[in-house]
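Student:
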Amino acid sequence: MIIWCQEDISFMLQTNLFTKTRREAPKDETSVNAQLLIRGGFIHKEMAGVYSFLPLGFIVLNKIINIIREEINAIGGQEILMSGLQDPAIWKASGRWDQKVVDSWFKTTLANGGELGLSFTHEEPIARIMTNHINSYKDLPKYVYQFQTKFRNEKRSQGGLLRTREFIMKDLYSFSATQGELDEFYEKARQAYVNIFNRIGIGDKTYYTLASGGVFSRYSHEFQTVCEVGEDEIYIKEGALEAVNKEIMNDSGFDSGETLKGFTRISEKSVEVGNIFKLGTKYSEALGLKYHDNIGKEHHVIMGSYGIAPSRSMGTVVELHHDDQGIIWPASIAPFKYHILCDNNSDEAVKQSNDLYAKLVADGSESLLDDRPETLAVKIKDADLIGCPVRIIVSKKSLEAGGVEVKGRKDSNIKVIASENLFNLKF
RNA sequence: CGGGGAUUGGCGCAGUUGGUAGCGCGCCACGUUUGGGACGUGGAGGCCGUCAGUUCGAGCCUGACAUCCCCGACCA
0 MIIWCQEDIS
10 FMLQTNLFTK
20 TRREAPKDET
30 SVNAQLLIRG
40 GFIHKEMAGV
50 YSFLPLGFIV
60 LNKIINIIRE
70 EINAIGGQEI
80 LMSGLQDPAI
90 WKASGRWDQK
100 VVDSWFKTTL
110 ANGGELGLSF
120 THEEPIARIM
130 TNHINSYKDL
140 PKYVYQFQTK
150 FRNEKRSQGG
160 LLRTREFIMK
170 DLYSFSATQG
180 ELDEFYEKAR
190 QAYVNIFNRI
200 GIGDKTYYTL
210 ASGGVFSRYS
220 HEFQTVCEVG
230 EDEIYIKEGA
240 LEAVNKEIMN
250 DSGFDSGETL
260 KGFTRISEKS
270 VEVGNIFKLG
280 TKYSEALGLK
290 YHDNIGKEHH
300 VIMGSYGIAP
310 SRSMGTVVEL
320 HHDDQGIIWP
330 ASIAPFKYHI
340 LCDNNSDEAV
350 KQSNDLYAKL
360 VADGSESLLD
370 DRPETLAVKI
380 KDADLIGCPV
390 RIIVSKKSLE
400 AGGVEVKGRK
410 DSNIKVIASE
420 NLFNLKF
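Below, the structure is given as structure tokens:
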């Protein structure tokens, strides 16, 4: 199992990058995110609902992961890595091993014939782990999370990275002594999620959404990003990033008259990018996770669970941030900040672009130098497709005009500046 | 899981009434080009998803299976 920590990659020569862009997307991809990510060389499709991450894609994925990591650490999360192979015994204890209860398990067998599960989610494993480490109210609260591959046997995968059979999930679990403690952390987690979605560039379209709690609880909250290709439908509150999921509108116990006050009757398609649950004591009861209070009385630990799929979030970002030329990465998660395009027909441009690249590298500015022996036209097309925030062209023409040509990916205006002034520009 | 569509070089596609496969992109070589995916010439690359039939002969006909896509259902 991979540990999701990548050394920061801050610079690269494009001649060293093994991936190639392509003009046309494979015909079996219809979603914008998969088409652009494959054309740009970010991901490779292995089979339906299964993607590998190539260098550019892995850099972006890790940037998203690192943003999540920072925000979860900031609210007290401790990172761990649980196993991908799972023991059926604990799932039988909670009642979730049965195919009739959870029908999207990938299960396999041991050489001796015993059964195993492939990591589906981790409430049961973490609850069991914590039985060895939580005994007293003094041990609470605790917050534990991981980035891990999840396998789900979806009947139909679709939407590129939006619904896959194998994906990377950040799952956070909280362990509290009291409901009040859980409520307090739930609110902190909510704020952390808001920060995360703001930082990766989808915050303004992401709604805190009341949703079904499934088997966990009556209700939960989802973070739903409004997006055409979304599978969910939500009703939005005017002037606020709050919504109600359509799935609970028909819930017989749902008081639509009261709770829906202020929510529009018009639904929007949306992608679920995060979900937070108050689990209560369901899993601590099943796995025997208990603590003693200050008078020695035994109680079940109160749990919460909080998920974000970085890979799905990456797909959602592309759905929201692209034009007909390619991806427009938010600066926070772009593979590189500067994409320097060198005009190989001019020896002076080659020299100057190498100098500029060296300066940016020394400065710690993330830079990709397109040093391939291609025409500028090709490089410009590829730069638009790959979508780094700032494009810098060093050519005979730009040098004659007094320096290098600078253009923001999402801007239409182009400036020519002396390359030493680049550091003064804000993007 | 129901319904529909598809499967032919790395990618996108064509392939007539059955006669042993072609185009564009990409790739290699040379030359000319050089600011929004250039052009010419010459090359390399394919058991036509799999298996089984029909036939003298199957990319093409028949059957089964697999995979992929879409619509729907489902999505702790």
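Numbering of the first sequence is given in numbering that gives the first Met the number 0, commencing with residue 0 and proceeding in unit increments. For glycine and all other residues, C-beta sits at the position ideal for the given N, C-alpha and C.
1. Would the beta-carbon of Asp182 be found less than 6 Å away from any heavy atom of the ligand COA?
2. In chain order, what residues of the same chain have a beta carbon less than 8 Å from the beta carbon of Glu180, not counting five sequence neighbours either side?
3. List in chain order: all unbroken beta strand (DSSP E) runs of 3+ residues lying wholly within the segment 224-289.
4. Buried or exposed for Phe184, going by 16 or more other Cβ atoms inside 10 Å?
5. Kindly identify the DSSP beta-bridge partner or partners of Thr460.
6. Tell me whether Thr177 sits in a helix, a strand or coil according to DSSP, three-state version.
7. Tell me whether the beta-carbon of Gly401 lies closer than 7 Å to the beta-carbon of Ser418.
8. Going by CA-CA distance only, name the one from Ala308, Val228, Thr263 that's closest to Val243.
9. Does the contact criterion of 3 or more C-beta pairs under 8 Å hold for the segment 330-337 versus the segment 198-207?
10. At which residues does the beta strand (DSSP E) containing Glu347 begin and terminate?
11. Go ahead and pull the three-state DSSP assignment for Val193.
12. On the three-pair Cβ rule with 8 Å, is the segment 33-44 touching the segment 67-81?
13. Do the CB positions of Ile392 and Glu373 come within less than 7 Å of each other?
14. Could you tell me which of Leu161, Ile71, Glu365, Ser93 sits nearest to Gln190, measuring between CA atoms?
15. Rounded to whole angstroms, what is the Cα-Cα separation between Leu278 and Phe174?
16. Give me the Cα-Cα distance between Ile307 and Val143, rounded to the nearest whole angstrom.
17. Determine, using beta carbons only, whether Lys245 and Ser266 come nearer to each other than 7 Å.
18. Given that a residue counts as buried once 16 or more other Cβ atoms are within 10 Å of its Cβ, and exposed if not, what is Arg22?
19. Quick check on DSSP: helix, strand or coil for Ile294?
20. Quick one: Cα of Ile379 to Cα of Val389, how far?
21. Taking the continuous alpha helix (DSSP H) assigned at Glu399, which residues delimit it?
22. Ignoring anything shorter than 3 residues, give me the beta strand (DSSP E) runs that lie fully in the segment 80-162, in order along the chain.
23. At which residues does the alpha helix (DSSP H) containing Ile339 begin and terminate?
24. Would you decide whether Asp383 is buried or exposed? Buried here means 16 or more other CB atoms lie within 10 Å of its CB.
25. Tell me the residue span of the beta strand (DSSP E) that contains Ile332.
26. Determine the direct distance from the alpha carbon of Lys350 to that of Met0, and round the result to whole angstroms.
27. According to DSSP, is Thr431 helix, strand or coil?
28. Specify the secondary structure class of Glu371 as computed by DSSP and reduced to three states.
Tutor: Based on what the coordinates show:
1. By its list of ligands, the structure shown contains no ligand whatsoever, and the ligand COA lies outside what it can speak to.
2. Taking the first residue of the first sequence as position 1, residue 180 is located at position 181. Closer than 8 Å at Cβ, skipping near neighbours: Leu139, Pro140, Ile301.
3. 231-236, 241-244, 262-279
4. Residue mapping note: residue 184 aligns to position 185 of the first sequence, counting from 1. With 16 or more other Cβ atoms within 10 Å, it is buried.
5. Residue coverage of the chain in this structure runs from 0 to 426, which leaves residue 460 outside it and unanswerable.
6. What you label residue 177 is simply residue 178 of the first sequence in a count that begins at 1. Coil, per DSSP.
7. On the first sequence, residue 401 is found 402 positions in, with the first residue counted as 1. On the first sequence, residue 418 is found 419 positions in, with the first residue counted as 1. Their beta carbons are not under 7 Å apart, which means Gly401 does not touch Ser418 by this criterion.
8. In the first sequence, the residue the question calls residue 243 occupies position 244. Of the candidates Ala308, Val228, Thr263, the one whose C-alpha sits nearest the C-alpha of Val243 is Thr263.
9. yes
10. Residue numbering aside, residue 347 sits at position 348 when the first sequence is read from its first letter. Here Glu347 belongs to no beta strand (DSSP E); instead the alpha helix (DSSP H) covers 346-362.
11. For the purposes of this step, residue 193 is identified with residue 194 of the first sequence, where counting begins at 1. Three-state DSSP puts Val193 in a helix.
12. no
13. Counting from one through the first sequence, the residue named residue 392 turns up at place 393. Counting from one through the first sequence, the residue named residue 373 turns up at place 374. Against a cut-off of 7 Å, the Cβ pair of Glu373 and Ile392 comes out as no contact.
14. By 1-based counting over the first sequence, the position of residue 190 is 191. When each option's Cα is compared against that of Gln190, the closest is Ile71.
15. Position 279 of the first sequence, counted from the start, is the residue given in the question as residue 278. Position 175 of the first sequence, counted from the start, is the residue given in the question as residue 174. Each residue's alpha carbon lies about 10 Å from the other.
16. Numbered from 1 along the first sequence, position 308 holds the residue referred to as residue 307. Numbered from 1 along the first sequence, position 144 holds the residue referred to as residue 143. Their Cα atoms are separated by approximately 14 Å.
17. Counted from its first residue, the first sequence places residue 245 at position 246. Counted from its first residue, the first sequence places residue 266 at position 267. Taking 7 Å as the Cβ cut-off, Lys245 and Ser266 qualify as a contacting pair.
18. To locate residue 22, count along the first sequence from 1; it is residue 23. Exposed is the call here.
19. In the first sequence, residue 294 corresponds to position 295, counting from 1. It is coil, neither helix nor strand.
20. In the first sequence, counting from the first residue as 1, residue 379 sits at position 380. In the first sequence, counting from the first residue as 1, residue 389 sits at position 390. Rounded to the nearest angstrom, the two C-alpha atoms are 12 Å apart.
21. Looking up residue 399 in the first sequence gives position 400. Taken as a continuous stretch (DSSP letters only), the alpha helix (DSSP H) holding Glu399 covers 395-399.
22. 106-108, 114-117, 141-150
23. Along the first sequence, one-based indexing puts residue 339 at 340. Taken as a continuous stretch (DSSP letters only), Ile339 belongs to no alpha helix (DSSP H), being part of the beta strand (DSSP E) at 337-341.
24. If you number the first sequence from 1, residue 383 lands on position 384. Buried, since its Cβ has 16 or more Cβ neighbours within 10 Å.
25. By one-based count along the first sequence, residue 332 stands at place 333. Careful: Ile332 lies outside any beta strand (DSSP E) and carries neither H nor E.
26. Sequence index remark: in the first sequence, residue 0 carries index 1 (1-based). Sequence index remark: in the first sequence, residue 350 carries index 351 (1-based). Caution is warranted here: a pLDDT of 38 is assigned to Met0, below 50, making its placement in the model unreliable, and the coordinate value is therefore given only provisionally. Approximately 43 Å, taken between the alpha carbons.
27. Residue coverage of the chain in this structure runs from 0 to 426, which leaves residue 431 outside it and unanswerable.
28. Reading the first sequence from its first residue, position 372 is the one you call residue 371. Here residue 371 is Arg; the residue named in the question, Glu, does not match the sequence. Coil, per DSSP.
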